[in-house]
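Residues in the sequence shown are numbered from 1085 upward in steps of one, following the numbering used here. The beta carbon of each residue, even a glycine, is placed where N, CA and C say it ideally should be. Small disclaimer: the values here were computed from a predicted structure and weren't measured. Step one of this worksheet: look at the structure below.
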Amino acid sequence: MKLKSVFVISEKISSIPALASGAKELADKVTAIVFGDEEYAKSVSIPGSDSVIYCPLNSKFSPEDYSEILAEEIKKEAHAYLLIGNTVIGRALAGRIGVSLESPVFSNVENLSVEDDSLVFSQTVYGGTASRKLKYSSAYGIVTINNGVFNTNELLENCDKFSQIEKEPQNSLKLINVDVKNEVSVNLAVAKKIIDIGRSVSTTEDVKLFEKLASVIGAELGCSRPVAENNKLLPKSQYMGITGVQVKPDLIITIGLSGQIQHIGGINKSKVIVSINKDKQAPIFENCDFGLIGDMYKIVPKLIEKLS
């Protein structure tokens, strides 16, 4: 038994194929919503979708402006669920569409399935120390999903049915300016290896050392929230934890990281966790598979030397 209809949305086009593939396992009808013109919509491979709705963007409109219009599209179905990428814009859209649909929004869900015409899923709670299983059944429902929960199924066919949102959003806000951040694009959610640096890392020279280790083993560089928000050594898009990116690599090496519960909740699904910290009482050692007690400035150069 499947759901009747599921919509998928993400302003990050790289996330749409996996969302649509996952939705096809849950529903008979899958509608993908993308932001861009017709040419852009038709250039995107979206295996699993039965139709694609595209929302033209220009200097006047942003994805969030379409929330009420998209809610109207969803309401054309008597019963429908919305799967939306768990990004800053995705969460904003989810909240606004939820208000219009009078529907709850469930954040950071995984392990989705269908049971008795209901959507069943799990959510991490209590700072990542526990997981709860929920069963939801109503006319409409919205869930936000992290990268990596679904995989793209290339065997599914791409759709050839496209339609445009003709109605313009009634936007009460005027876009004055857009500042594009020159950040390196790192997708930690799908990384197989990660170097995870903590608050003890305080200088750009430190970061260069750990970037070298990451390069040697073919890993991406991530961090805890204080490194990005307080020390400003890495972009905010690279911090992991309950409020950041949640990852599940084959290997993660934490360096100078105490192991606060808010951070552990974002990395505890890693297959192997190796931790380096000079404080043998650090909580991180209760959550890792292998621990190295010692000075990171002595251990890391030796690792680079041995692994190069």
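Bridge partner(s) assigned by DSSP for residue 1246: 1136
First and last residue of the uninterrupted beta strand (DSSP E) at residue 1304: 1304 to 1307
Sequence-distant residues of its chain with Cβ nearer than 7 Å to residue 1137 (five each side left out): 1115, 1117, 1157, 1247, 1249
Collapsed DSSP secondary structure at residue 1207 in the structure displayed: strand
Segment contact, 8 Å Cβ cut-off, at least three pairs: the segment 1087 to 1107 with the segment 1120 to 1132: yes
Helix, strand or coil at residue 1331 [DSSP, three-state]: coil
Through-space distance from residue 1147 to residue 1251, alpha-carbon basis: 14 Å
Helix, strand or coil at residue 1103 [DSSP, three-state]: helix
The alpha helix (DSSP H) enclosing residue 1295, as first and last residue numbers: 1288 to 1301
Residue burial classification, residue 1374 (beta-carbon count within 10 angstroms, cutoff 16): exposed
Segment contact flag, the segment 1336 to 1347 with the segment 1275 to 1295, C-beta cutoff 8 Å, min 3 pairs: yes
Option nearest residue 1260 by Cα separation, candidates 1377, 1235, 1145: 1145
Classification of residue 1347 by the beta-carbon crowding that lies within 10 angstroms, buried from 16 upward: buried
Terminal residues of the beta strand (DSSP E) in which residue 1034 lies: In the structure as shown, the chain starts at 1085 and stops at 1392, and residue 1034 therefore has no counterpart that could be examined.
Integer-rounded CB distance, given that residue 1328 should sit under 8 Å from residue 1350: 6 Å
Per DSSP, the bridge partner or partners of residue 1119: 1139
Beta-carbon gap between residue 1306 and residue 1322 smaller than 7 Å: yes
Contact under 7 Å by Cβ, residue 1187 with residue 1232: no
Whether residue 1319 touches residue 1149 by CB criterion (7 Å): no
Beta-carbon separation (whole angstroms), residue 1368 vs residue 1359, contact threshold 8 Å: 5 Å
DSSP three-state assignment for residue 1336, whether helix, strand or coil: strand
Coarse secondary structure for residue 1155, derived from DSSP in three states: helix
Presumed contact (8 Å Cβ cut-off) between residue 1089 and residue 1161, rounded CB distance: 4 Å
Between the CA atoms of residue 1093 and residue 1221 - distance to the nearest angstrom: 21 Å
Test item: CB-CB of residue 1228 and residue 1191 under 7 Å: yes
Among 1335, 1242, 1184, the one whose alpha carbon lies nearest that of residue 1274: 1335
Helix, strand or coil at residue 1193 [DSSP, three-state]: strand
Three-state secondary structure assigned by DSSP to residue 1113: strand
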